[in-house]
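Everything below concerns the one structure shown next.
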Amino acid sequence: MKHLTRIFLTPILIVVLLGLSACQPAAASPQNGKKTIVVTYSILGSVVKELVGDQANVVVSMPNGQDPHEWEPSAKDIETLTHADLIVQNGLGLEGGMEKSLAQAKEAGVKFFTASEHITIRTVGTGEGIPSGDPDQAVGAQDPHLWTDPVAMKQIVDALTQTLQTELGIDVSANAKLMDAKLDSLNQEVATEVNALPASSRKLVTGHESLGYFAQRYEFKLVGAIIPSLDTQAQASASDMAALAKLIKDNQVKAIFTELGTPANVSESIGKETGVKVIELTTHALPKSGDYFDFMHNLAQTIIDGLK
Amino acid sequence: MDVLIQPFLSNTFMLRALIAGMLVSVSCGVVGTFIVLRGLAFIGDALAHGVLPGIAVAILLGIPGIVGAAVSAVVMIGGISLITNKSTLSSDTAIGLLFVGMLALGVVIVSRSTTFSGDLVRILFGEILGINAQSVILQAVATLAIILTAIVCARPFLLLCFSPEQAQVSGFSSKLYHNIMLTMIAVAVIISFQTVGTMLVFGMLLAPAGAAALLAKRMHTMMIYASLIGMVSVYSGLLVSYQFNIAAGSAIVLVATLIFFAVLLIKNLQLARSRQKGVPDHD
């Protein structure tokens, strides 16, 4: 039977050699004695990085530009999560593809900070957009898109500062003060810019229901969304499309803002039917500078320009 | 060499995935052997896809996907029996009908709920890196059940595979044992969808058993080889997934398929060589 052993060994050897040929050592944590904080998505990550400075290693799980609702971690990403000293997550089901991995990290005893636990959570209100029968869009459903409100981010910064002290023994209160001031200014600036728009123009139609906190803070009306859900994973249906077109016409909305994950053909056809501009809006990713404040300024500016 | 073991030693989730994968290899090795020997590939594929509506409904209702999958499988097997009993249609027509009907039903259910798409991908392709301890225990129990059934029914299964006429003569109801076999396939599909997903479990059923069929002529040897090849695929696939950031479930099935083709190639080369030398073919 020795030819059988040869038959067996050959494929195994091929696979093993392939594996060895480009191997890197296991994802090693930086050997600099500092704690490792893992943040799930880029926008929250940039705020945490600025807060922590160089007092700890901050790693962001999702590459910037990936859809936070959908992105799934690889084996090495899961390894980073399960070996972290602290995980900073959004909460409210934002990180859909990371559910199981975050559960594994919890099981491994990793400490967690959940951003949504430290703000006033916005729930879907009556008359908002299209009731689609989806539990995600039902009145009372909790909105996870908290990063579009600088005041909410300030509450998170303050709460995280405390957690970092108690859980990791890191004092970032100096940076926290600076950031609080910056976030206050940001809030004032955006409010002033937005005031240039008359109330009748402040009507939002987006790719999915992602601007709830922004609308609440700066007094915009949420008319509807192409995907009537708090999640990009849902699908648009024919009846929803017709309802949206009618809402746009009735409310005299001036522009539709598409986002990451919005089906392009659907947005174009609604744009053609209603005669309304279709503008691309970045709501889930940081600009090139990687800065939260630039992100918010760009967001506000694009919305204001679109609705003038 | 350390690089081959380190990922599993320093990560509980990798070790758990490995164990779950090993269990799947054994169940699929045993059941896959029957599929290859009895030509049941079509119904195996039908079951793998037909469990979709059951899983979809289960997720909507908040009950474990496995329960839904089990119900789907029962409906499918029952439906196939019904059609073949109440009509003169051949079994592959019956299988095809149930296959397509249930798959369509699954898609309709999924498209009605707007919260589904990401989950659908995970159902189809599995989430072996996200397996929890409970699932592993469930798989161990199911694998044990499959092994025990195979041992208890060894003789009738053997006859069914190699000489169905003799099975009747020996007093075994071929209908009964055929249904037991189908149930085993259903169980293997159901417990494996969490690791490699419903689309890929079929690969784990066919590729290792197919390669084993090229290497062994006796049923129990085939099962052992199929399980071993499956295990090697799981181990290598997980390692490759870790090193190269590739989806784990797909990596495993890809390795299993490559092993099959490697074995096929080597076998044919050996045959060609022994013919050249003028040596009579022997296995």
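In the order they appear, the protein sequences are chains A and B. Per the numbering used here, residue 1285 is the first one in the first sequence, and the count goes up by one each step. Per the numbering used here, residue 849 is the first one in the second sequence, and the count goes up by one each step. Even for Gly, the Cβ is constructed at its ideal location relative to N, Cα and C.
How would you label residue i, buried or exposed, when you count the other beta carbons within 10 angstroms and need 16 or more for buried?
i	result
isoleucine 976(B)	buried
leucine 1112(B)	exposed
glutamate 1356(A)	buried
isoleucine 1107(B)	buried
alanine 865(B)	buried
leucine 1117(B)	exposed
aspartate 1487(A)	Residue identity check: residue 1487(A) is lysine in the sequence provided, not aspartate. When all chains shown are included, lysine 1487(A) counts as buried.
aspartate 1589(A)	exposed
arginine 1121(B)	exposed
glutamate 1379(A)	buried
proline 1309(A)	Low local confidence applies: a pLDDT of 48 at proline 1309(A) is under 50, so the model's placement there is unreliable, with the coordinate-based value given in what follows. Proline 1309(A) comes out exposed.
alanine 1074(B)	buried
serine 938(B)	exposed
serine 875(B)	buried
asparagine 933(B)	exposed
serine 1028(B)	The amino acid occupying residue 1028(B) in the given sequence is isoleucine; serine does not appear at that position. By the 10 Å Cβ count, isoleucine 1028(B) comes out buried.
glutamine 1124(B)	exposed
alanine 1095(B)	buried
leucine 1430(A)	buried
serine 1021(B)	exposed
glycine 1337(A)	exposed
serine 983(B)	buried
glycine 913(B)	buried
Could you give the DSSP three-state label for residue i: helix, strand or coil?
i	result
lysine 1333(A)	helix
asparagine 1549(A)	helix
glutamate 1356(A)	coil
lysine 1592(A)	coil
isoleucine 1563(A)	strand
glutamine 1585(A)	helix
threonine 1410(A)	coil
glutamine 1042(B)	coil
glutamine 1118(B)	helix
glutamine 1350(A)	coil
alanine 1311(A)	Its pLDDT being 48, under 50, alanine 1311(A) is placed unreliably by the model, and the measurement read from it follows with that caveat. Here alanine 1311(A) sits in coil by DSSP.
Do residue i and residue j have their CB atoms nearer than 8 angstroms?
i	j	result
glycine 1078(B)	methionine 1052(B)	yes
glutamate 1334(A)	methionine 1463(A)	yes
lysine 994(B)	valine 879(B)	Per the sequence shown, residue 994(B) should be read as isoleucine rather than lysine. Yes, these two residues count as a Cβ contact at 8 angstroms.
isoleucine 1362(A)	phenylalanine 1092(B)	no
alanine 1057(B)	methionine 1067(B)	no
glycine 978(B)	glutamine 1388(A)	yes
valine 1507(A)	valine 1537(A)	yes
histidine 1026(B)	leucine 1008(B)	yes
proline 1434(A)	serine 1400(A)	no
leucine 871(B)	alanine 988(B)	yes
tyrosine 1502(A)	alanine 1475(A)	yes
isoleucine 903(B)	isoleucine 943(B)	no
serine 920(B)	valine 899(B)	yes
asparagine 1386(A)	lysine 1319(A)	Position check: residue 1386(A) holds leucine in this sequence, whereas asparagine was assumed. In this structure, lysine 1319(A) does not lie closer than 8 angstroms to leucine 1386(A) by Cβ.
leucine 1137(B)	alanine 894(B)	Outside the shown range of chain B (849 to 1131) lies residue 1137(B), about which nothing can therefore be said.
histidine 1402(A)	isoleucine 1454(A)	no
alanine 917(B)	phenylalanine 1041(B)	yes
proline 855(B)	leucine 1087(B)	yes
Would you give the residue range spanned by the beta strand (DSSP E) that residue i belongs to?
i	result
threonine 1320(A)	1320 to 1323
alanine 1373(A)	Contrary to the premise, residue 1373(A) reads as glutamine rather than alanine in this sequence. Segment 1370 to 1373, the beta strand (DSSP E) holding glutamine 1373(A).
Output the boundary residues of the alpha helix (DSSP H) element that contains residue i.
i	result
lysine 1395(A)	No alpha helix (DSSP H) holds lysine 1395(A); the beta strand (DSSP E) holding it covers 1395 to 1398.
asparagine 1341(A)	Counting along the chain, asparagine 1341(A) falls outside any alpha helix (DSSP H), though it belongs to the beta strand (DSSP E) covering 1341 to 1344.
alanine 1436(A)	1434 to 1452
asparagine 933(B)	913 to 934
valine 878(B)	860 to 886
threonine 1404(A)	Taken as a continuous stretch (DSSP letters only), threonine 1404(A) belongs to no alpha helix (DSSP H), as it is neither H nor E.
methionine 1067(B)	1067 to 1092
glutamine 1016(B)	1012 to 1017
glycine 998(B)	Sequence inspection shows alanine at residue 998(B); the glycine mentioned does not correspond to that position. Alanine 998(B) -> alpha helix (DSSP H) spans 981 to 1000.
glycine 902(B)	900 to 909
proline 1056(B)	1049 to 1063
leucine 1386(A)	1383 to 1391
phenylalanine 856(B)	850 to 857
Run the proximity test for residue i: is its beta-carbon closer than 7 angstroms to any non-hydrogen atom belonging to the ligand HEM?
i	result
threonine 1320(A)	Inclusion of the ligand HEM in the displayed structure is not the case, the ligand content being empty and no account of it being possible.
Quick one: complete alpha helix (DSSP H) runs, 4+ long, within the segment 1479 to 1547 of chain A?
-> 1496 to 1502 and 1522 to 1535
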